[in-house]
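In our numbering, the protein residues as written are 550 to 870.
Note that the Cβ used here is the ideal one computed from N, Cα and C, for glycine as well.
Below is one structure, written out as structure tokens, with a few remarks after it.
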């Protein structure tokens with residue numbers, strides 16, 4: 550059990566979202582109310598704040614709950630692959646298309662499609678998505694005729710889409726089409742009182758005897774959690790694996806959480822902010838933990854796979870890795 554906030558639990562709204570924050574509780578109540586409509590929903594918030602959890606909450610409370618809900622990360626695939634995943638293709642539509650492929654839009658007919666990180670979608674894919682939303686039909690690449698589908702779309706982004714529209718990187722007509730109702734999730738640093746509840750949830754019943762000292766909890770509540778709930782979950786997993794006793798103390802908390810961004814340069818005899826080196830080593834440690842799986846590593850760090858590849862490419866130029 551936890552020394553801080555022991556025995557308290559978040560109010561139940563029939564959701565997996567753990568919170569006692571008034572702003573987030575109001576958001577979840579709104580999500581429940583809008584679930585009965587067919588309106589498109591845009592969920593905004595930093596990476597790791599729980600946008601997909603909210604999307605699935607909406608689906609579970611909708612008339613479509615008996616039908617599937619499928620998700621895709623628009624930033625994890627190159628544009629041509631993303632379009633193939635979403636809309637499918639016919640056999641022989643392009644070199645390498647040796648079989649027919651049913652896209653997610655067609656596969657989720659009657660259900661809900663969750664488009665995560667829609668701000669990463671390229672303009673060509675945006676145009677095809679807009680056409681689908683306007684006409685309610687999907688046109689496989691190479692097909693002679695479109696297919697009617699009935700799909701509710703919920704989108705999510707960690708970007709400022711209005712700025713993307715002004716910069717010409719996101720279609721204005723698509724922005725208004727996906728943004729009938731907007732929900733904005735608060736980052737974890739703005740709701741520190743949720744941290745004890747989340748830790749208790751992540752520890753689970755099998756680790757209910759594990760305690761956290763008040764000083765350790767104070768450090769965890771003070772940390773800004775750039776990766777939000779996802780980063781906290783991974784930190785708790787680390788505790789479950791590495792803590793041998795029944796008490797989590799300050800000594801069990803990773804250095805990057807106790808002293809974020811600060812590294813001691815012992816060779817020069819001075820304390821230096823070596824943020825690039827700290828970030829580089831942190832990324833490599835996370836990659837090692839996930840055995841080189843870049844998608845899992847990016848998710849754990851609260852960044853897109855594209856961002857991770859860009860960082861690795863930069864590090865490769867500076868110092869071979």
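Delimiting residues of the beta strand (DSSP E) encompassing residue 782: From DSSP, residue 782 is part of no beta strand (DSSP E) but of the alpha helix (DSSP H) over 777-791.
Assumed close pair residue 765, residue 797 - CB separation to whole angstroms, cut-off 8 Å: 5 Å
8 Å contact criterion, which residue 659 and residue 609 should meet: CB distance rounded: Not quite, the Cβ-Cβ distance comes to about 15 Å (not below 8 Å), so this is no contact.
Residue 705 (DSSP reduced to helix, strand or coil): strand
Residue 831 beta carbon less than 8 Å from that of residue 859: No, Cβ-Cβ distance for residue 859 and residue 831 is not below 8 Å.
Collapsed DSSP secondary structure at residue 663 in the structure displayed: strand
Cα-Cα separation, residue 865 to residue 670: Each residue's Cα considered, the two are about 26 Å apart.
Cut-off 6 Å between Cβ atoms - residues of its own chain near residue 688, not counting five sequence neighbours on either side: 695
Nearest-angstrom Cα separation, counted from residue 672 out to residue 717: In this structure, the CA atom of residue 717 is about 9 Å from the CA atom of residue 672.
Buried versus exposed, by CB contacts within 10 Å (16 or more), residue 685: Residue 685 is exposed by the Cβ-count criterion.
Rounded separation between residue 691 and residue 567 - CA only: 45 Å
Own chain, CB closer than 8 Å to residue 778, minus 5 neighbours either side, in chain order: 597, 598, 599, 737, 747
Residue 639 - DSSP class collapsed to helix/strand/coil: coil
Local Cβ density within 10 Å of residue 643, reported as buried at 16 or more and exposed below that: exposed
Nearest to residue 763 (by Cα), restricted to the options 735, 787, 678, 800: 800
Expected contact under 8 Å - CB spacing of residue 700 and residue 662 to nearest Å: 5 Å
Coil, strand or helix - residue 809 by DSSP: coil
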